[in-house]
Amino acid sequence: MPERTTADALDHFLDALVTGAAPAATSDPELAALARRYVALGKAPAPPGARERVWRRVIRQAGPRHNGRPAPNDPTLLLLRLGPDGQPASPAGLQHPRPGPIAPGSRDPAFRWRAWTAGLLVLAVLVAALAWAQRPDNLALVIPAADLVAPPPTSPPSAAGQAVFDIVLPAGSLPIAAYGVTFDYRTMPPQRTSSEASAGPLLFRFIAAGQVQVQSDGSLAIWQADDPGEWQPVPAGTPHLLTAGDAIFLQGAASLTWTNTATTPVAVIAWQMTDQGGGNSVVPAGWTLHDQAAVHMAIREYPDQPARLVLRRVDLPPGTEIAPPPGSWLSHFVALDQNAAGEVVAPMFGKLPGGAWRNVGRQELIVYQYSLDSPGTPAAPGVDGSP
Amino acid sequence: MPLPQRDQLHDGAPTLEAVGPAVAFAELYDEYFDAIYWYCRNRLNDAATAEDAASTIFTRAFAAGPRYHDPGLRSWLFTIAHNVVINVYRANRPQAPLEAAASLPDPVMQLEDAVVADEEYRRLLDALRQLPADQRQVVELRMAGLTGPEIARIMHRSHGAIKMLQLRAFARLREILAELPGEESSHA
């Protein structure tokens, strides 16, 4: 068969593959099979978190456009309120179409929001939502959300991890109506200072590596790795040096100043829960964001009772899975991009039915997972205490 | 809760005319992010650089909003991607030709790691990296889901030339894979 005929047949075969049509028979089935393998290879989802990270950069780079402020009709204004799949990401959000527990980079194509096919009704609701977002009292808006559901049972093999600290919070500590939560892994280089303001009500920072000095204008509770079992109060305005394994916990609004006076970067696992929007907050200047999980805004579905906040470290060998702890109200995880030997790794996860994530890479990963649940729920082995 | 009517909106709120392009862009992002990401990642061999490139690509696409509904959307988007990848690579490696990107050592995991821990994928990508640059690009654009005419537009060649190029690319891949150990156990 002439080469051109074979080339035509292969081209038709490939066009059918990429467009989802039924591929025709080819004169060279072996070559067609090879082409099919390559096309299948190209359909992999991006790593968890990449979609959201790039979306945030696009938003930053895309606007504002006019004298430092968005123009009244600038679409950037809307982009700021949309997630990377077209779903609203603001307190003025619409019904989140993706049920089930949220995990970093989670995306279910079956629930993709097709705005154009949704028609004018969706557009009208979007515009209305934007108007609500600009209301000074928009926090009172009732936000539909389906992000917070009871996680499914863990499927073995999974890693339970080791609790690095455990906080019991009295009833009423969690946001009473809607909430946003951010959980991330960030680093700061040596000889750098950074400030951040927490709107409260809850925040913790765990030092995964290195050391850093922290000072707050609010009262902190400090967990010291070399003296575990009890949270120590630190008065406002008092600088405190945190080393690897230490943590701080803060309730209420306060400003924090971080200073890395060491010669190595400091790595921090950061969590905060707000009763406002902005669960997808950008890390303060001076920090580098490596991984992040967030709920931008959701209705509270956890009970109004004492809560326990647990941070676990999970060493996740290739092929093992991590899932929300059974019974947890809310849980996310972030993965470090260094392994225990200090080597750079690229965390790669595959999402499994039921909400678990599998380490599909070839290297063991260090994962930090937090969970909120009832104080009566059995915890992973480790330390515990109350602030 | 009654929704506010349009005439009740505050000054400065986006109008319906502005909502359309933003939603269209978000849809474009949703549809093509994975393909763009892996195209960049595979060409640039680095996750962070690939994310930088992807953000640049989508920012440029957003700036050109009216084109969201062009029939040639995918080829237009991947033309941007092609140009951005070249610029990124040249900026990072000003002394090296673009073709050298194929032989860069991998500082982080490669595509195969993300797909599944499967030896077959590693072999397929190893073979892909041994192709000449133009053949490799045809296969990578196929992997990104583009049709033959779209690839022709991106590479500024005739569709007939692309057909011959991809035939030779896959034929060469078959030869390379046959020379690599373990092909007998793969489902060729």
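Here the protein sequences come in this chain order: A and B.
Everything in the first sequence is counted per the working numbering, starting at 1 for the first residue and increasing by one.
Everything in the second sequence is counted per the working numbering, starting at 1001 for the first residue and increasing by one.
C-beta atoms are modelled at their ideal positions from N, C-alpha and C, and glycine is treated no differently.
{"Item": "In this structure, how does DSSP classify B/N1045 when only helix, strand and coil are distinguished?", "Value": "coil"}
{"Item": "What is the DSSP secondary structure of A/Y302, reduced to helix, strand or coil?", "Value": "coil"}
{"Item": "Cα separation between B/H1159 and B/A1061?", "Value": "25 Å"}
{"Item": "Is there at least one Cβ from chain B nearer than 7 Å to A/A46's Cβ?", "Value": "yes"}
{"Item": "Check whether the Cβ of A/A177 lies closer than 7 Å to any Cβ atom in chain B.", "Value": "no"}
{"Item": "Can you tell me where the beta strand (DSSP E) with A/R4 in it begins and where it stops?", "Value": "Where A/R4 is concerned, there is no enclosing beta strand (DSSP E), although the alpha helix (DSSP H) it sits in stretches over 3-19."}
{"Item": "Is it right to say A/Q369 is buried, meaning 16 or more other beta carbons lie within 10 angstroms of its own, or is it exposed?", "Value": "buried"}
{"Item": "Round the Cβ separation of B/L1180 and B/R1123 to the nearest angstrom and send it over; I've been treating them as touching at under 8 Å.", "Value": "6 Å"}
{"Item": "Of all Cβ atoms in chain A, is any one closer than 7 Å to the Cβ of B/E1051?", "Value": "yes"}
{"Item": "Just to confirm, are B/E1051 and A/R53 a CB contact at a threshold of 7 Å?", "Value": "yes"}
{"Item": "Please report the distance separating the alpha-carbon of B/A1063 from that of A/R300.", "Value": "37 Å"}
{"Item": "If I measure Cβ to Cβ from A/L316 and keep anything under 7 Å in the same chain, skipping five residues before and after, which residues do I get?", "Value": "A159, I322, N359, E364, L365, V367"}
{"Item": "Do the CB positions of A/L34 and B/R1174 come within less than 7 Å of each other?", "Value": "yes"}
{"Item": "For A/M348, which three-state DSSP category applies?", "Value": "coil"}
{"Item": "Which residue comes first and which comes last in the beta strand (DSSP E) that contains A/R312?", "Value": "307-316"}
{"Item": "Would you mind stating whether A/S216 and A/A254 have Cβ atoms separated by less than 7 Å?", "Value": "yes"}
{"Item": "For chain A, find out if any of its Cβ atoms is closer than 7 Å to the Cβ of B/V1138; answer yes or no.", "Value": "no"}
{"Item": "Output, in chain order, the set of chain A residues within a Cβ distance shorter than 8 Å of B/R1174.", "Value": "E30, L31, L34"}
{"Item": "With a cut-off of 8 Å, do at least 3 Cβ pairs link the segment 346-357 of chain A to the segment 39-50 of chain A?", "Value": "yes"}
{"Item": "Start and end of the alpha helix (DSSP H) containing A/Q215?", "Value": "Per DSSP, A/Q215 belongs to no alpha helix (DSSP H); it is in the beta strand (DSSP E), 211-216."}
{"Item": "Starting from A/A35 and walking both ways along the alpha helix (DSSP H), at which residues does that stretch end?", "Value": "29-41"}
{"Item": "Leaving out five residues before and five after B/R1172 in sequence, what residues of the same chain have Cβ atoms less than 7 Å from its Cβ?", "Value": "L1131, Q1135"}
{"Item": "What is the C-beta distance between A/P262 and A/A209, in whole angstroms, given that I count them as a contact (C-beta under 8 Å)?", "Value": "Checking the sequence shown, residue 262 of chain A turns out to be Ala, not Pro. So it is not a contact: roughly 10 Å between Cβ atoms."}
{"Item": "Helix or strand or just coil, what does DSSP make of A/H296?", "Value": "strand"}
{"Item": "Identify whether B/W1076 lies in helix, strand or coil by the three-state DSSP scheme.", "Value": "helix"}
{"Item": "For a cutoff of 7 Å on Cβ pairs, would you count B/S1055 as touching chain A?", "Value": "yes"}
{"Item": "Give the residues of chain A in contact with B/D1126, contact being defined as C-beta atoms less than 9 Å apart.", "Value": "Those do not exist, as B/D1126 stays about 12 Å from chain A at its closest Cβ, beyond 9 Å."}
{"Item": "Run through DSSP, which three-state label would A/P88 get?", "Value": "Reliability fails at A/P88, whose pLDDT of 42 lies under 50, so the model's placement of it is uncertain and the value that follows must be treated cautiously. Reduced to three states, the DSSP call for A/P88 is strand."}
{"Item": "Going by C-alpha to C-alpha distance, which of B/A1127, B/L1044, B/R1142, B/I1154 sits closest to A/F13?", "Value": "B/R1142"}
{"Item": "Helix, strand or coil for B/D1126, going by three-state DSSP, please let me know.", "Value": "helix"}
{"Item": "A/L220 and A/L250: beta carbons closer than 7 Å?", "Value": "yes"}
{"Item": "Sort A/D246, A/A16, A/V181 by Cα distance to A/T274 and report the nearest one.", "Value": "A/V181"}
{"Item": "Under 7 Å, do A/P170 and A/P375 count as touching if we go by C-beta distance?", "Value": "no"}
{"Item": "Identify the continuous beta strand (DSSP E) that holds A/H240 and give its terminal residues.", "Value": "240-243"}
{"Item": "Does the CB of A/R313 have a neighbour CB from chain B at under 7 Å?", "Value": "no"}
{"Item": "Go through its chain and collect everything with a Cβ distance to B/A1054's Cβ below 6 Å, but skip five positions before and after it.", "Value": "I1036, Y1037, C1040"}
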